[in-house]
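Just so you know, the sequences run in chain order A and B.
Take 1 as the starting number for the first sequence in my numbering and just add one per residue.
Take 1 as the starting number for the second sequence in my numbering and just add one per residue.
The beta-carbon is built from N, C-alpha and C at its ideal position, and this holds for glycine as well.
Only one structure is covered here, and it is reproduced in the block below.
2 protein chains.
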Amino acid sequence: MKEGPGSTMNQDRFQAWMNLLQAHAVITTRIENELETSCGLSLAEHQVLVRLAGSVERRFRMYDLADVLLLSKSGTTRLVDRLEKRGLVTRLLCEGDRRVVFAALSSAGERAVEEAHSILASAIERSFSRHLSDEDIATLRGSLRRLLEGNEAWADHRCSPSYPARAAPSRRAGSS
Amino acid sequence: MKEGPGSTMNQDRFQAWMNLLQAHAVITTRIENELETSCGLSLAEHQVLVRLAGSVERRFRMYDLADVLLLSKSGTTRLVDRLEKRGLVTRLLCEGDRRVVFAALSSAGERAVEEAHSILASAIERSFSRHLSDEDIATLRGSLRRLLEGNEAWADHRCSPSYPARAAPSRRAGSS
DNA sequence: CTCAGATAGTTGTCACGTCAACTACTGCCT
DNA sequence: AGGCAGTAGTTGACGTGACAACTATCTGAG
């Protein structure tokens with residue numbers, strides 16, 4: 001009656017949602033601070049580098065980058081701007097389709113992501129993994145994945161009807 | 001080797017953390033959109049109203065509000081500014097300690113939080129609860145609470161040594 | 001009493017991300 | 001070919017929150 005939604009939904013479910021918000025806020029703040037002070041990278045910037053490093057061609061179309069980062073197109077533009085200004089990422093034109101711009105990992109970017117690796121790993125360990133058993137992790141991951149799939153399925157910003165047609169995120173070289 | 005931290009930590013743990021980030025992003029975006037379009041309230045604004053409504057005295061010191069919202073002092077000031085401008089919250093002076101300002105729920109604020117209640121509940125249901133079993137919820141909540149406690153324990157912005165001394169969030173009337 | 005240090009809140013300035021409008025390019029349709 | 005709808009990316013204006021500096025007040029040591 002005074003704590004929040006209680007009549008139309010289970011109190012536990014509301015609390016679980018609140019806990020998700022709080023845990024996310026606390027954990028990301030801590031991990032981001034550690035990453036920022038050690039490597040000078042924000043979580044978002046690091047995510048870009050990791051995604052690029054994880055891609056076969058070491059590059060991503062801006063569009064696909066926005067998609068995997070769950071970020072707006074303009075947010076992605078500005079994020080890549082910052083990384084490019086710092087020399088960690090390079091923009092490459094696509095010769096097959098001149099509307100397309102690739103964000104590619106520079107060698108400095110590769111070094112940065114490698115350097116961040118162990119720092120981030122230990123930050124995650126301290127703020128996250130450390131507090132959970134293997135079983136907790138497995139269950140948590142299962143629940144989170146189900147949430148993700150349930151919500152990605154419909155109603156998200158991106159995923160226009162043409163999405164399946166875009167095929168692989170990277171194809172056709174940009175500079176070679 | 002190319003997906004992210006893999007040598008110093010279990011891959012599953014890194015993935016679980018990634019899933020936490022993604023699930024949070026997707027779910028809060030969806031829920032916030034629904035709340036915003038139906039009630040004109042952001043999630044943060046709603047949180048303020050819920051906290052105030054949940055308080056015994058229907059009021060909170062700015063300081064304590066910042067604390068429970070996991071927000072900076074200035075962020076809280078501006079959040080309350082917006083709500084006050086819209087008439088949902090009133091600032092009250094504390095006569096016992098004139099440094100202190102209370103944020104108090106106005107009657108319009110009470111109506112707003114009641115109105116938002118069912119809308120938010122169904123949004124949470126659709127984007128969150130719906131995808132999880134009772135057992136999932138219980139386990140998830142347990143894990144999240146453990147994460148929260150593990151991280152709140154030390155190293156957070158607030159919680160200066162004087163924290164326990166501040167006692168109850170509200171005491172001494174503000175206007176009566 | 002008085003002054004130094006701590007505490008509560010607000011304000012200036014900035015970083016980051018959003019939406020909407022814009023440019024540039026592609027590709028279909030006639 | 002010409003034109004137009006659709007797509008990729010960038011830019012302008014803005015909202016929100018953070019940090020640091022500031023004001024005002026309280027408290028305790030002398």
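Report the rounded CA-to-CA distance for residue i versus residue j, giving the unit in angstroms.
i, j, result
"residue 16 of chain B", "residue 94 of chain B", "45 Å"
"residue 85 of chain A", "residue 78 of chain A", "10 Å"
"residue 54 of chain A", "residue 40 of chain A", "21 Å"
"residue 184 of chain A", "residue 46 of chain B", "Because chain A here runs from 1 to 176, residue 184 of chain A falls outside it and cannot be looked at."
"residue 6 of chain A", "residue 98 of chain B", "In this prediction, residue 6 of chain A has a pLDDT of 42, which is less than 50 and means its spatial position is unreliable; what the coordinates show is noted afterwards. Approximately 37 Å between the Cα atoms of the pair."
"residue 49 of chain B", "residue 52 of chain A", "41 Å"
"residue 59 of chain A", "residue 73 of chain B", "41 Å"
"residue 151 of chain B", "residue 38 of chain B", "34 Å"
"residue 122 of chain B", "residue 27 of chain B", "13 Å"
"residue 113 of chain A", "residue 18 of chain B", "16 Å"
"residue 35 of chain B", "residue 124 of chain B", "10 Å"
"residue 103 of chain A", "residue 42 of chain A", "18 Å"
"residue 128 of chain A", "residue 142 of chain A", "16 Å"
"residue 24 of chain A", "residue 100 of chain A", "34 Å"
"residue 66 of chain B", "residue 64 of chain A", "37 Å"
"residue 69 of chain A", "residue 76 of chain A", "8 Å"
"residue 137 of chain B", "residue 20 of chain B", "15 Å"
"residue 179 of chain B", "residue 10 of chain A", "Residue 179 of chain B falls outside the range modelled here, since chain B spans only 1 to 176, and no answer is possible."
"residue 71 of chain B", "residue 96 of chain A", "47 Å"
"residue 119 of chain B", "residue 83 of chain B", "19 Å"
"residue 92 of chain A", "residue 105 of chain A", "10 Å"
"residue 14 of chain A", "residue 29 of chain B", "17 Å"
"residue 62 of chain B", "residue 126 of chain A", "31 Å"
"residue 44 of chain A", "residue 32 of chain B", "21 Å"
"residue 12 of chain A", "residue 87 of chain B", "31 Å"
Which first and last residues belong to the alpha helix (DSSP H) in which residue i is found?
i, result
"residue 89 of chain A", "Counting along the chain, residue 89 of chain A falls outside any alpha helix (DSSP H), though it belongs to the beta strand (DSSP E) covering 89–93."
"residue 101 of chain B", "Premise fails: residue 101 of chain B lies in the beta strand (DSSP E), 101–105, not in any alpha helix (DSSP H)."
"residue 61 of chain B", "That residue, residue 61 of chain B, is in no alpha helix (DSSP H); its beta strand (DSSP E) goes 59–61."
"residue 13 of chain A", "11–39"
"residue 51 of chain B", "43–54"
"residue 97 of chain B", "No alpha helix (DSSP H) contains residue 97 of chain B, which DSSP labels as neither H nor E."
"residue 72 of chain A", "Counting along the chain, residue 72 of chain A falls outside any alpha helix (DSSP H), and DSSP gives it neither H nor E."
Does residue i get closer than 8 Å to chain B when you measure Cβ to Cβ?
i, result
"residue 59 of chain A", "no"
"residue 107 of chain A", "no"
"residue 148 of chain A", "yes"
"residue 15 of chain A", "yes"
"residue 30 of chain A", "yes"
"residue 114 of chain A", "no"
"residue 145 of chain A", "yes"
"residue 155 of chain A", "Any answer about residue 155 of chain A is weak, because its pLDDT of 41 lies below 50 and its placement is not dependable; what the coordinates show is given next. So, interface residue."
"residue 11 of chain A", "no"
"residue 111 of chain A", "no"
"residue 66 of chain A", "no"
"residue 152 of chain A", "yes"
"residue 132 of chain A", "yes"
"residue 93 of chain A", "no"
Where do the N-terminal and C-terminal ends of the beta strand (DSSP E) with residue i fall, by residue?
i, result
"residue 132 of chain A", "Segment: none, residue 132 of chain A is in no beta strand (DSSP E) and carries neither H nor E."
Classify residue i as buried or exposed, calling it buried when 16 or more other Cβ atoms lie within 10 Å of its own Cβ.
i, result
"residue 163 of chain A", "Residue placement at residue 163 of chain A is poorly supported in this model, since its pLDDT is 30, which falls under 50; the coordinates are not used for a value here."
"residue 116 of chain B", "buried"
"residue 139 of chain B", "buried"
"residue 111 of chain A", "exposed"
"residue 22 of chain A", "buried"
"residue 56 of chain A", "exposed"
"residue 81 of chain A", "exposed"
May I ask whether a heavy atom of the ligand MG can be found less than 7 Å away from the beta carbon of residue i?
i, result
"residue 76 of chain A", "This structure simply doesn't include the ligand MG, nor any ligand for that matter."
Please check if any C-beta of chain A sits within less than 8 Å of the C-beta of residue i.
i, result
"residue 102 of chain B", "no"
"residue 139 of chain B", "yes"
"residue 35 of chain B", "no"
"residue 83 of chain B", "no"
"residue 42 of chain B", "no"
"residue 78 of chain B", "no"
"residue 26 of chain B", "yes"
"residue 52 of chain B", "no"
"residue 86 of chain B", "no"
"residue 127 of chain B", "yes"
- Message: Across the region 132–146 of chain A and the region 136–146 of chain B, are there enough close Cβ pairs to call them in contact, namely three or more that are closer than 8 Å?
- Response: yes
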